[in-house]
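A short worksheet on the structure shown next.
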Amino acid sequence: MQKTTFVVPQMDCPSEESLIRLQLDGLAGVRGLDFDLPGRRLVVFHDGQLTEIEQSIAALNLGSRRLGTEEADSPTVEEDAKGQRSLLLILLAINFAFFIVEMATGLVSRSMGLVADSLDMLADAFVYGLSLFAVGGTAARKRGVARLAGYFQIALAVAGFAEVLRRFFGGEATPDSRAMIVVSVLALVANAACLYLLQKSKSEEAHMRATMIFTSNDVVINLGVIAAGVLVSWFDSNRPDLIVGAIVFGVVMRGAVKILKLGK
34 MQKTTFVVPQ
44 MDCPSEESLI
54 RLQLDGLAGV
64 RGLDFDLPGR
74 RLVVFHDGQL
84 TEIEQSIAAL
94 NLGSRRLGTE
104 EADSPTVEED
114 AKGQRSLLLI
124 LLAINFAFFI
134 VEMATGLVSR
144 SMGLVADSLD
154 MLADAFVYGL
164 SLFAVGGTAA
174 RKRGVARLAG
184 YFQIALAVAG
194 FAEVLRRFFG
204 GEATPDSRAM
214 IVVSVLALVA
224 NAACLYLLQK
234 SKSEEAHMRA
244 TMIFTSNDVV
254 INLGVIAAGV
264 LVSWFDSNRP
274 DLIVGAIVFG
284 VVMRGAVKIL
294 KLGK
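When you line the sequence shown up against the working numbering, it's residues 34 to 297, in that order.
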């Protein structure tokens, strides 16, 4: 048995870990996975098939790079299937709940930033749902669900872009900046909680560097919407909200493409 270490610069959220697990699911040579989110590293325990493993990880476009391969007796990490399933259910519940909260608040407060961030939450919920769905399921079923989720997400992102353009040129009313800030702060706390829970599942000390939280894409998006809310209030304009909304819809589109790659 061998173990190969990869550095994955864009693996900064629990959803990226789930994406990689899904991507490598079904490869006969894979014996175990050990994730280090703070260090952006992945160790794959495997019997051969290194080229296929490396290509599968690279296909997710997370900037992965192989650091080295060495002989190993057995995986140093034990997979607790029941614990993983419980964790995925919690992460799914948190993300889907905040999808509903942000979508509803975004529509009522006329904030495209909140609507876009809600779709980012939904994208993460899709990934966790796919991970749960794949347990005990066939590879063909996993690919079918991944394609459905990916295309649905793309459709929502395209509709979001269209609405941003309509509001940009149509002179839409200024969104409620207070609602933007309050709900985005709550979403930030939710994303930080997801990171904490994932880290806690790997270490009894539940140690997490502050840099891990504040460099997470999900948290950066939350901070962007908060900043947009402040600027909306300051300038009494909907432009900051629309700009942030457009950027986040782009992030959602990129996430959808990653999910679609699982369906190949």
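Here a beta-carbon is modelled for each residue, glycine too, at the ideal position from N, C-alpha and C.
{"Asked": "Would you report the Cα separation of F132 and L155, rounded to the nearest angstrom?", "Found": "6 angstroms"}
{"Asked": "Could you tell me the distance, in whole angstroms, from the CA atom of G278 to the CA atom of N224?", "Found": "18 angstroms"}
{"Asked": "On a CA-only basis, which of A105, S144, R176, E85 is nearest K36? Give me that one, please.", "Found": "A105"}
{"Asked": "Going by DSSP, what residues sit across from T37 in a beta bridge?", "Found": "V77, T102"}
{"Asked": "Along the chain, where does the alpha helix (DSSP H) containing G356 start, and where does it finish?", "Found": "The structure shown does not extend to residue 356, since the chain spans only 34 to 297, so no value can be given for it."}
{"Asked": "Using only alpha-carbon positions, find the residue among K233, G59, G81, D45 that is nearest to L95.", "Found": "D45"}
{"Asked": "Sort out for me which residues DSSP pairs V342 with in a bridge.", "Found": "Because the chain spans 34 through 297 in this model, residue 342 falls outside it and cannot be assessed."}
{"Asked": "Just curious, the alpha helix (DSSP H) that R54 is in, first and last residue?", "Found": "47-57"}
{"Asked": "Can you list, in chain order, the residues of its chain with a C-beta nearer than 7 angstroms to that of E238? Leave out the 5 residues immediately preceding and following it.", "Found": "Confidence at E238 is low in this model, with a pLDDT of 41, below 50, so its placement is unreliable and the value that follows should be read with caution. Cβ within range, chain order: n/a, list empty."}
{"Asked": "Does the beta-carbon distance from I127 to A188 come in below 8 angstroms?", "Found": "no"}
{"Asked": "Quick one: residues in its chain with C-beta nearer than 7 angstroms to the C-beta of F78, no 5 flanking neighbours on either side, listed in chain order?", "Found": "M34, K36, R64, G65, A105, P108"}
{"Asked": "Could you have a look at D69 and say whether DSSP puts it in helix, strand or coil?", "Found": "strand"}
{"Asked": "I think L163 touches A179, with their Cβ atoms under 8 angstroms apart; what is that distance to the nearest whole Å?", "Found": "6 angstroms"}
{"Asked": "Taking the C-alpha atoms as reference points, what is the distance between N250 and E196?", "Found": "23 angstroms"}
{"Asked": "With distance defined between alpha-carbon atoms, name the residue in V218, V285, F201, P273 nearest to V191.", "Found": "V285"}
{"Asked": "Let me know the secondary structure DSSP gives T12 once reduced to three states.", "Found": "The question about residue 12 has no answer here: the residues shown for the chain are numbered 34 through 297."}
{"Asked": "Hey, would you say G101 sits closer than 8 angstroms to V281, going by beta carbons?", "Found": "no"}
{"Asked": "Just verifying my parser: in three-state terms, what is the DSSP assignment at G288?", "Found": "helix"}
{"Asked": "Return the residue from the list A260, T207, F39, S144 that minimises the CA-CA distance to Q88.", "Found": "F39"}
{"Asked": "From the DSSP output, in three-state form, read off G204 for me.", "Found": "coil"}
{"Asked": "Please report the distance separating the alpha-carbon of S48 from that of V258.", "Found": "20 angstroms"}
{"Asked": "Using the beta-carbon count (16 or more within 10 Å), is V265 buried or exposed?", "Found": "buried"}
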